[in-house]
Each structure stands twice: as structure tokens, then as C-alpha cells.
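This report concerns only the one structure given below.
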Amino acid sequence: MGARASAPTTSLDLDVRRLPGVGDESAKLLERMGLRTIGDLLWHLPTRYLDFSRFQPVKRLMPDREQTTEAIVGRVTERRTARGQQLTEMELIDPIDGLPAGVKASWFGRQFIKDRLREGQLIRLSGKAQWFGRTLQLSNPKVEPADAEAVHTGRLVPIYRLTEGLKEGNLRRWLHTAVEGGPKRTPVVGEVPEMLSRDTRARRELLPIGEALKEVHFPSSDAALQEGRRRLAFDEMLTLQLGLAQRRLRWQRDARAPVLRAADADVETWLAALPFTLTGSQQEAFGRIREDLARSIPMSRLLEGDVGSGKTVVAALAARIAVASGAQAALMAPTELLAEQHHRTISSLWAGGGPSIGLLTSSVPAAQRRDLLGRLASGELDVVVGTHALVVESVEFKKLGLAVIDEQHRFGVRQRTTLREKGTDPHLLLTTATPIPRTLTQTLYRDLDLSEIDELPHGRQAITTHLRTPAQLPKVWEGMRLAVEKGQQAFVVCPRIEPEPTADELPSAVATERELRAGPLKGLRIALLHGRMPAKDRDDVMRRFSAAELDVLVATTVVEVGIDIPNATVMVVLGADRFGLAQLHQLRGRVGRGTERAYCVLVSDAMESARLAAMTELGPDGKALDGFELARRDLEIRGPGQFLGDEQHGLSELRLVDLADIDPRLYRETAAEADAILAVDPTLDRPDNALLAAAVEALWRRHGLA
């Protein structure tokens, strides 16, 4: 919609300069926002509205409120202020009694006011009234003749995203012409093509697209605005539902995955060899995965679980099934530290005998890398754990049967696709310890099956969370020293690696480690860990911390995921307000993994932060909010773009659908419509689905998958 055509076929394809009042300079300003055609302009939707629909008598105007009134133009004067600005002042007459209302209106730099409005004329004014001395005054109000069609006053007034130099009033006037038409001009909005059939609109009680756009730009009432937005949101959500469902259908129809099975007796032996018993939800998730692997339709499953819930164990069991069937498995993690942790964890699980496993990251020496790649290509190596290094062209598998992607939200769609292309339609298991709100998961991952591990392993301790200011740090360090004296260990996490004098004074890991070593924690065994350190040095620090040869680890968020130190009981996060809720929850999950009671201390001056308040809030069960509830709060606070990351999905471009709070009715209705459409026309090749197909193609083009 709105792309410039070589030969315009409708008014939507015409250059914006074809609208009255849009000259070359205005067109350049619009082009900055990607608005080149009249169609582009129509789809530039309001970001919010000012409610000027309710009239307040001019003598009853309230100070410091946005409101609309009607008045008669009294005496208009112009003068220069002490700063040399042009000031136009207007006396307002009460239209009820014809007497001065004791209220003025004033404008800076608006010479046209005196020319356009005549004394004795009835006008509407919308804006905020304020006291100046003893006179109530409307400063720079929107103003229109009372007998004109309301565009800027007396209605729900749309507010749009602008660029520097572009005036809001001008943009609104151009859009009003496109939406409402004018003398000898047909409304262009009537030419917007209809994507939904008449039957669908009737069944779902939806406005025609042209009427919906008209109500969204210039609503006739609040109820009409909501109906207009619902129609546009329906189209947006239906496109997403169709794209995801079609992608899944195409994959299941065209792909043939290797059938991966293991005998019940073998699985029982593997489970018995584990140093712990699987929780009920771990068993259920593994059972579903096992069923998926036994089919020739490629598995596409998302495994969600809170911090420390045991997703790696489930993934390792799935990998054993692949190897038992003569296939290979790969596990890709977003960071070297996490890949190394997974390699250690799985290696220890298979210490008594199991598949061969290798580690592939960019830090692996060349000779070792060549050997590993050769063993992968020949099939000698069963399982490989690695980072993005797994998706480069030189990595080949003899028979990749299972691809596991951990912390999947940190990878782009293309990276996930590339790893899957390393085999012939391998099964795909995505895992995340950053739970996504359930309604959002249903929407974003409609092409995936979902499993949740919603209980923690037996023996995990509750973590007490405290919020403290920097001034209270001496007591925090005192408590940490007491924990170390009891034989326990602690983390200190900072938002920055090194101090930056020119930037804000965020705590840095380098400076904090130095200060603690010389001051409040002097005499304790302290080490530094951050992402810029050579892999060998990081490995050495983690080995020493894991072996309890260190008491305190000062780090950045490299310890956010994958660090398992059962003896660690204290987590202190400096500059805690600089982290998202999901990050804070992940960091808190680094402690409390043993038998001792654990504590998390969030240090910040922002004591009123909604994020930090959520971290200390207790649920109805008296426990801290779980990862799913915190994810929902994080989405509300940060919005979908920041929460999910633009690289992953691009869905922050959605204009009407609120990803933080998806309407269940909208989800159900669009899912049902998408399923019904694809049941009849799975490829969207029928002429009556051409516009839907184009919308889906545009969606995937934004994802880089078209």
C-alpha cells in the first residue's frame, strides 16, 4: 500500500503534491517520513487524540485544562513584546449575553489571525487556559469559524508523528482533504482497496476499510473511533496470523524430517543416571518433544521455562534421542560464556557414558576447530554446542537431526533458519529462560508448538529481594562479608565494564572490583568477569568461582544466563534501574540454586521505578512474581520493540495491535479467519485473496524472509 507506481492507477498512487496546499517544500518534509503518495499519507495514522469534543462555556473555562469553547471575536490587537515577538491578542465575547467574558486568547507569530477572523464572528477555540495576572488567557489555541466543518477544534482531534519543519495543522488539513474531500473533490479514502470479503466484515461486524480510516483520522465519536481502530487492527492481526500459519503449513507440507526414536528401556536408563529426578513439567515437556521427534513432520517447538527450571536437561535428553537414531544434534547459544556453560553441563550429565560432544566458538584455536569440523562432517562427533560460529558456511554436518537454539529471542529469524538449513529438514527446539507473556507467545509463535516448564527443581530456595539506595551500600557489603564468612559466595553486577568520565556516572565492573578489593571487602578473594576478557581468562575465572576458590565475582551481565553456582547466595545489582525486568529476573536466578537461603539486593537511586517495585512485589502465594508475570510487566513498561528486540521480529512496526495487551477477542477471531482462509486456499493464490497475499509478503519482507 502506498508504494510509488510508475503509472498511477488510483488517486492513492498520486504524488502528495496533488493535494491542495502541498508544495515542493512540504513534499520534501513529508518524504523524510516516507510519505510520498496520497496513499502513504492516508496510512500515516494518528498516535493519539485530544478530546475537544465537549464545549465549555467561555465564562466557565477552567485553568490548566485542555478544553473547547465558543466565543464571539471582540477587539483584536497586535503588538511587539519586549523580546521582539509578534503578539496577537483577542478579546472574547460571551455569545449568550453578548458581554465581555473576561477571557483573552493570544498567539505568537500568527499574523493571519487578524486577517482571517473578523470582529463579531462566532468562533471555536481549543487549548489550555492559564492565568496571566488576573486574566484567564488561552495561549496559542486552535481556532476555527463556528460555521466551518471542525478539523482542529470541537471534536476528537488527531495528533500525528511529525518531522522538524512540518506543522501539525497543515498535515491535518491535507489529511482532511484526502479523507473528507472538498469542493469538486471526491474523498481519496474511498479508493482504498478492501482486503476483507463482505461476508467476513458482516460476520465480524467490521466497518468497510474506507470508513474505518475516516473514523481513525477524524472520528465522529469515541465509539466510532474504537470501531475504526478495531477494523484496522483486525487487518493487521489477520495478516500476522496468516503469515505464521502459512509458514507452518508450508514447512509441514514440504519438509520431511528424520524419524528419531529411542527405546523406552534406554530412556529409563538415561533418566536413572541423572543426579536428580525430573519435575512433573520437565517430564511432560520431554514427553511432548519425544512424540514430535518420532514423526517425519519437523518439530517446531518453543520450550519456555523460568530461570533454573531445567530446560538444558530436557534439551540434552532430546539430543540423546537424536544420537540413538544415528543423527547429530547442535545447540546454539547467544554468547560464548553460555555456550561454554552448556558444554560443561551436558558433558557432566554424560560423564558416565553418552554421546560425544564438542564446543565450537570463535575462540576455539584453528587446529582444534579444523579437527572438530572434520569430525562433524564425517559424523564422528555426535553433538556440538556453539555460538553464531555454527551458522557459518564452513560448518557441515553428516546428518543433523535436531537443532536446539537456546535463548532464542536473542537470534534473528535468519540465523535460526540458517542453522536449520545445515541439515535436511531437522527438528527444531527453541528454548528461552526469558518467558514471554502467554498471549504474546500465541501471537508471535503461532508457527510453533509451545511447552512450558512452570515449576522449579526440588530443593530450590526462595530468593528474598531488597531495594536499597547507594547510600545504604556499606550495610550491603557488611552482609555480603558475613555470607562469605559462612562459606557462601556472591555476585556483584554492574551495567558498565569500565568507567566513562564523559558519560553519566553508572557503576562499572572495573572500578567496583578495585574499590571493593581495597575497601569494604578487603581480604576476600575477588575476581572480575566481563565480555571483553579473552575466553581463556573468562574460563579460568569461572572455573575458580565454580570450585569455590573465589568469594565474590564482580561482573557485567555476562552472568545473566547459564551460570550455575549452587554455593552463591547473594546477588547485588548496582544501577539496577538500568536493566529490564527480564534481565533483573535472570540475574536474581543466579543465586538460590543450592540449599541455603538466598538474597538479591537491587541498588538504585530510582526508588519509584516500576520495574524495581515489581521485583520486590509478592504474589498471592506470598512468593516473588514468577518470570511470566514479570515478562508481562516488562512488556507493558518497555513496549514490544525493546522487550523483544527489533532484530528478532520487526513487529514493533505494528500500528494498531497492542502487543502488550492483545485483545483476546481479536486474537480468537483473526486466528479463526486465518485458519478458514488457508483451509480453502493454503497458498493464497486465489484472486480474491490477492490483497491478503500481498500483505503477508510485505510482512515477511520486513523480516528479511521474502
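Sequential numbering from 358 applies to the sequence shown in my numbering. From the three backbone atoms N, C-alpha and C, an ideal C-beta is built for every residue, glycine too. Quantities reported herein were computed from a predicted structural model and do not represent experimental measurements.
DSSP-derived helix/strand/coil call for residue i
i       : result
GLU577  : Strictly speaking, residue 577 in this sequence is Ser, with Glu absent from that position. DSSP places SER577 in coil when its eight states are reduced to three.
HIS815  : coil
PRO1044 : helix
MET837  : helix
GLN478  : coil
HIS509  : coil
VAL616  : coil
HIS401  : coil
THR821  : strand
LEU1023 : helix
PRO831  : helix
LEU805  : coil
HIS942  : helix
GLN442  : coil
LYS499  : strand
MET972  : helix
ALA1063 : Unreliable positioning characterises ALA1063 in this predicted model, as indicated by a pLDDT of 48, which lies under 50. A coordinate reading is not provided.
GLN845  : coil
LYS461  : strand
ARG542  : strand
ASP739  : coil
LEU982  : coil
ILE453  : coil
SER483  : strand
PHE489  : strand
VAL748  : helix
LEU931  : strand
ALA690  : coil
Among the options, nearest to residue i - alpha-carbon criterion
i       : options                             : result
LEU493  : ALA505, GLY459 and LYS499           : GLY459
HIS710  : ASP621, ALA629 and GLN639           : Looking at the sequence shown, residue 710 is not His but Gly. The shortest Cα separation from GLY710 among ASP621, ALA629 and GLN639 belongs to ALA629.
GLN943  : LEU582, VAL850 and THR826           : VAL850
PRO615  : GLY644, GLN583, ASP649 and ARG586   : ASP649
HIS699  : ALA939, SER682, LEU717 and ALA684   : LEU717
GLU423  : ALA612, SER410 and VAL433           : SER410
ALA559  : SER578, ALA963 and ARG588           : ARG588
LEU1035 : VAL1053, ILE646, ASP1020 and THR869 : VAL1053
ILE883  : ARG889, ALA892, MET899 and PRO891   : MET899
ASP582  : GLU568, GLU593 and GLN442           : A small correction: the amino acid at residue 582 is Leu; Asp does not occupy that position in the sequence shown. Comparing Cα-Cα distances from LEU582 to each of GLU568, GLU593 and GLN442, the minimum goes to GLU568.
PHE591  : TYR406, ARG1022 and GLU857          : ARG1022
LYS416  : ALA486, LEU369, PHE469 and PRO655   : ALA486
GLU764  : LEU938, GLU525, GLY662 and LYS980   : GLY662
ILE820  : TRP1057, TYR956, VAL1014 and GLY441 : TYR956
VAL948  : VAL508, ASP921, GLN940 and ALA971   : ASP921
GLU446  : GLU427, THR367 and ARG467           : ARG467
Residues of its chain near residue i, where Cβ-Cβ distance is below 7 Å and the 5 sequence neighbours each way are ignored
i      : result
ALA905 : GLN846 and ASN924
LEU595 : THR1027, GLU1030 and ALA1031
ARG895 : LEU694 and LEU886
MET358 : Since pLDDT at MET358 reaches only 40, below the 50 mark, its modelled position is unreliable, and no value is offered.
TRP627 : LEU674 and ARG677
Residues near residue i in its chain [Cβ-Cβ closer than 6 Å; skip 5 each side]
i       : result
PRO1039 : LEU606
ARG935  : PRO852
ARG389  : THR520
THR438  : LEU444
ILE678  : LEU617, ALA619 and LEU650
HIS401  : LEU392
VAL680  : PRO712 and ASP739
Extent of the continuous beta strand (DSSP E) run through residue i
i      : result
TRP707 : No beta strand (DSSP E) contains TRP707, which DSSP labels as neither H nor E.
GLN424 : 423-437
ILE470 : Taken as a continuous stretch (DSSP letters only), ILE470 belongs to no beta strand (DSSP E), being part of the alpha helix (DSSP H) at 469-473.
THR534 : It is not in any beta strand (DSSP E) - THR534 instead sits in the alpha helix (DSSP H) that spans 525-537.
GLU548 : No beta strand (DSSP E) contains GLU548, which DSSP labels as neither H nor E.
THR788 : 784-789
GLU661 : 657-662
Contacting residues, own chain, Cβ-Cβ under 8 Å from residue i (five flanking each side not counted)
i      : result
GLY455 : ILE429
ARG889 : ILE854
GLU753 : LEU730, LEU733, ALA734 and LYS779
Endpoints, the alpha helix (DSSP H) within which residue i is located
i      : result
LEU730 : 723-735
VAL670 : 668-681
beta-carbon residue i near the ligand HEM non-hydrogen atom, thresh 7 Å
i      : result
LEU444 : With respect to the ligand HEM, the structure offers nothing, as it holds no ligand at all.
Closer than 8 Å to chain C by CB, residue i
i      : result
GLY378 : Protein chains in the displayed structure number just one, and chain C is not present.
query = Which ranges does the alpha helix (DSSP H) cover as unbroken runs of at least 4 residues, wholly within the stretch 619-655, from first to last along the chain?
reply = 621-630 and 637-650
request  = Starting from the N-terminal side, write out each stretch of the beta strand (DSSP E) that is 3 residues or longer and does not extend beyond the stretch 861-922.
outcome  = 883-886 and 909-912
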